[in-house]
Structure formats: C-alpha cells, structure tokens
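To convert a position in the sequence shown, counted from 1, into this note's numbering, add 15.
Positions of the beta carbon are idealized from the N, C-alpha and C atoms, including for glycine.
Structure first, commentary second.
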Amino acid sequence: MKHKWAILLLLSVLAVKGAVGQSILKGRVLLESSKEAVDGATVTLHPKGSVSVLAYTLTGTDGSFSLTPKEELPDSVTINVRSMSIKTATKTVPS
C-alpha cells in the first residue's frame, strides 16, 4: 500500500461531550482516491495553531481512530495524520 502521494480524507470526525466535560473524537482515515482504509497511521490532536499534543493514537485495520484528551478542548483543534507510506493530512475542526 505505497500511496506515497495520496491525500487522506478524514471522515466522520465527531466531538462528543461527556458527562464530565471530557471529549472523545472519533473518525476514520481513508485514501481519498480509493476510499481504502489506512492502517497504522499516527493521529495526533493539537490546539489550533499549536504544536502541543493533546492526545494521540494509531488507526486500526479499518482506518478508525478514537482520541480522548485528558484536558478540556479549546474552541478549535487540529487533527494530524501521518504515515510512512502516505502524505501527511491535516484537518481543523470545532470542538
């Protein structure tokens, strides 16, 4: 799966508020061209415009991920997806 220059598409990114104000962000990482799942990509969550990491995880075999930051989220967050075999993708979403 060497789609070195493929652009990633982050699908179904949801911010769900929990009972204690904790957020869970879930989504799937797919290749934009073929909709093939990206397995083992690193997903990191940052405050918009910052490099500090609020949470991180790896995608599963179906491209799914779930991030649970340990602190309250700012108004907007940036999700970065990196993998050795594909181009880095970034998406900013309201939290």
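(request) Tell me whether Thr74 is buried or exposed, calling it buried when 16 or more other Cβ atoms sit within 10 Å of its Cβ. (result) buried
(message) Taking a contact to mean a Cβ-Cβ separation below 8 Å, would you say Leu60 touches Ile39 in this structure?
(response) no
(request) With a threshold of 7 Å, establish whether the CB of Ile39 neighbours any heavy atom of the ligand ZN. (result) Annotation note on the ligand ZN: not contained in the displayed structure, which lists no ligands.
(message) Spatial neighbours of Pro62 within its chain, please: C-beta separation below 7 Å, excluding the five flanking residues on both sides.
(response) Leu69, Pro89 and Val92
(request) Given a cut-off of 8 Å, decide if Leu45 and Ala56 are closer than it, judged by their beta-carbon atoms. (result) no
(request) Using three-state DSSP, classify Val53 as helix, strand or coil. (result) coil
(request) Going by CA-CA distance only, name the one from Val58, Val66, Asp54 and Ala104 that's closest to Thr76. (result) Nearest of Val58, Val66, Asp54 and Ala104 to Thr76, Cα basis: Asp54.
(message) Please classify Gly64 as buried or exposed, where buried requires at least 16 neighbouring CB atoms within 10 angstroms.
(response) exposed
(message) Under DSSP, the beta strand (DSSP E) around Pro109 begins and ends at which residues?
(response) Looking at the DSSP string, the run of the beta strand (DSSP E) that includes Pro109 is Ile101 to Pro109.
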